[in-house]
Amino acid sequence: MGYTETVKFLVAMIIMMNPLSSLSIFLQLTNKFSLSNQQKTALKCGFSIMIIMVITIWLGGDLLDLLGITIDSFRVAGGTILFLTGLSMLQSKESPMSHTPEDDIAAEERSSIAIVPLALPIIMGPGSISTLVIASNDYSIAFYKMWLTILCLILAVGMGFILYHGVSIAKLIGESVIKVITRIMGMLIMAIAAGMFTNGLQGLIPSLR
Numbered sequence: 007m008g009y010t011e012t013v014k015f016l017v018a019m020i021i022m023m024n025p026l027s028s029l030s031i032f033l034q035l036t037n038k039f040s041l042s043n044q045q046k047t048a049l050k051c052g053f054s055i056m057i058i059m060v061i062t063i064w065l066g067g068d069l070l071d072l073l074g075i076t077i078d079s080f081r082v083a084g085g086t087i088l089f090l091t092g093l094s095m096l097q098s099k100e101s102p103m104s105h106t107p108e109d110d111i112a113a114e115e116r117s118s119i120a121i122v123p124l125a126l127p128i129i130m131g132p133g134s135i136s137t138l139v140i141a142s143n144d145y146s147i148a149f150y151k152m153w154l155t156i157l158c159l160i161l162a163v164g165m166g167f168i169l170y171h172g173v174s175i176a177k178l179i180g181e182s183v184i185k186v187i188t189r190i191m192g193m194l195i196m197a198i199a200a201g202m203f204t205n206g207l208q209g210l211i212p213s214l215r
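Take 7 as the starting number for the sequence shown in this note's numbering and just add one per residue.
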């Protein structure tokens with residue numbers, strides 16, 4: 007996994023996690039929290055994201071093998087999910103696959119929302135998890151998985167930092183800027199999804215190459 011592959015992985019994961027859109031949802035769910043509780047929730051969420059990522063990297067491929075799912079089939083399914091997610095972002099709508107009204111109701115009934123629904127499925131949704139599983143399969147050597155783990159640690163810390171300073175960041179950039187960036191990320195996700203779907207389809211049907 008060289009420099010180019012590392013950059014591609016980081017960019018893909020940042021787009022999938024969609025920090026600014028996730029921040030907007032985080033602020034909505036924690037608007038009744040005190041600043042200290044909001045920051046504690048942000049830290050817990052960042053830690054939860056890291057745990058989810060590490061488990062996915064090291065066990066995701068084994069789970070596919072256990073279920074008899076080929077990586078190409080997973081690419082096709084993951085590409086489809088990503089495309090729908092990107093389309094909803096392009097239209098400035100929340101993807102129903104990653105966030106539902108039931109999540110908000112459940113969140114209001116709990117004192118801690120760091121793990122569910124924030125870390126999973128809002129930030130670490132189907133798209134993010136699909137990207138991790140495919141990366142762990144493409145770079146299955148233990149050394150590369152360790153490198154992916156380090157990269158995921160950086161991503162989790164970065165996401166936690168953004169949520170921790172969420173109020174200040176939201177005031178600085180404004181809601182309109184968040185919506186514009188979300189649309190741009192939606193287009194990028196759709197492009198990544200198209201490539202993922204095509205690669206999976208070519209793997210399943212070699213004659214398409």
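Where is the CB? At the ideal position from N, CA and C, for every residue including glycine.
Alpha carbon of residue i to alpha carbon of residue j, nearest angstrom
i: L93; j: G192; result: 6 angstroms
i: L26; j: L154; result: 23 angstroms
i: I147; j: S182; result: 43 angstroms
i: I190; j: I63; result: 27 angstroms
i: T10; j: K38; result: 43 angstroms
i: K177; j: M130; result: 25 angstroms
i: A113; j: N24; result: Its pLDDT being 48, under 50, A113 is placed unreliably by the model, and nothing is read from it.
i: T86; j: A120; result: 28 angstroms
i: E115; j: I135; result: Confidence is the limiting factor: at E115 the pLDDT is only 45, short of 50, which leaves the residue's position unreliable, though a coordinate-based value still follows. C-alpha separation (whole angstroms): 27 angstroms.
i: V179; j: L33; result: A small fix is needed here, since residue 179 is Ile in this sequence, not Val. Going from the Cα of I179 to the Cα of L33 covers about 14 angstroms.
i: T204; j: L35; result: 37 angstroms
i: L161; j: I61; result: 15 angstroms
i: S28; j: L124; result: 8 angstroms
i: M95; j: S213; result: 34 angstroms
i: M56; j: L159; result: 6 angstroms
i: V122; j: I128; result: 8 angstroms
i: L73; j: A83; result: 15 angstroms
i: Y150; j: K46; result: 32 angstroms
i: G133; j: T91; result: 8 angstroms
i: L65; j: D71; result: 10 angstroms
i: F80; j: S118; result: 33 angstroms
i: K185; j: G8; result: 33 angstroms
Exposure of residue i, with buried meaning 16 or more beta-carbon neighbours within 10 Å
i: S40; result: exposed
i: F89; result: buried
i: Q97; result: exposed
i: G172; result: buried
i: V139; result: buried
i: T12; result: exposed
i: I75; result: exposed
i: R215; result: exposed
i: I198; result: buried
i: I211; result: exposed
C-beta contact flag for residue i and residue j at 7 angstroms
i: F15; j: A141; result: yes
i: D78; j: G201; result: no
i: F156; j: I21; result: According to the sequence displayed, residue 156 carries Ile and not Phe. Not closer than 7 angstroms, so no.
i: I58; j: L126; result: yes
i: N143; j: G209; result: no
i: A18; j: T188; result: no
Any C-beta of chain D under 7 angstroms from that of residue i
i: M130; result: No chain D appears in the structure shown, which is made up of a single protein chain.
Report the start-end ranges of each beta strand (DSSP E) in the stretch 120-207 that is 3 residues or longer and not cut off at the edges.
none
Flag this pair as touching only if the stretch 162-175 and the stretch 45-61 have three or more C-beta atom pairs under 8 angstroms; answer yes or no.
yes
Extract the residue ranges of the alpha helix (DSSP H) inside the stretch 43-80, only unbroken runs of 4 or more that lie entirely within it.
none
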